[in-house]
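Numbering (numbering that gives the first Met the number 0), first residue to last: 0 to 65. All C-beta atoms, glycine included, are put in the ideal place defined by N, C-alpha and C. Treat the numbers as computed from the prediction; the structure is a model and nothing was measured.
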Amino acid sequence: MSLLVKPCNFCNRPVAKGSGTMLAKNDGTVLWFCSAKCKKNALDLKRDPRKFKWTKKYVKGGIRKK
Numbered sequence: 000m001s002l003l004v005k006p007c008n009f010c011n012r013p014v015a016k017g018s019g020t021m022l023a024k025n026d027g028t029v030l031w032f033c034s035a036k037c038k039k040n041a042l043d044l045k046r047d048p049r050k051f052k053w054t055k056k057y058v059k060g061g062i063r064k065k
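Encoded structure:
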């Protein structure tokens, strides 16, 4: 039996089954968060996870604009 592991929508860390927070939006998308810190940064503060060193989505050298 394997554990259901989903990545956090903000920091991209694994969220094991039975932990974290799941948010179902009205349009049918499901967001998974590993902690209240990630949930607050994504939803309330609307921050970009690529700008924070503690996330796995961090881009060293800055975000490139095309």
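- In the three-state DSSP reduction, L3 falls in the coil class, being neither helix nor strand.
- Here N40 is buried, its C-beta having at least 16 other C-beta atoms within 10 Å.
- For the pair Y57 and R46, the CB atoms are not nearer than the 9 angstroms cut-off.
- In this structure, S34 sits near G19, with a CB-CB distance shorter than 9 angstroms.
- In the three-state reduction of the DSSP assignment, L44 falls in the coil class.
- Here A23 has V29 as same chain residues with Cβ atoms under 6 angstroms from its own Cβ, once five neighbours each way along the sequence are excluded.
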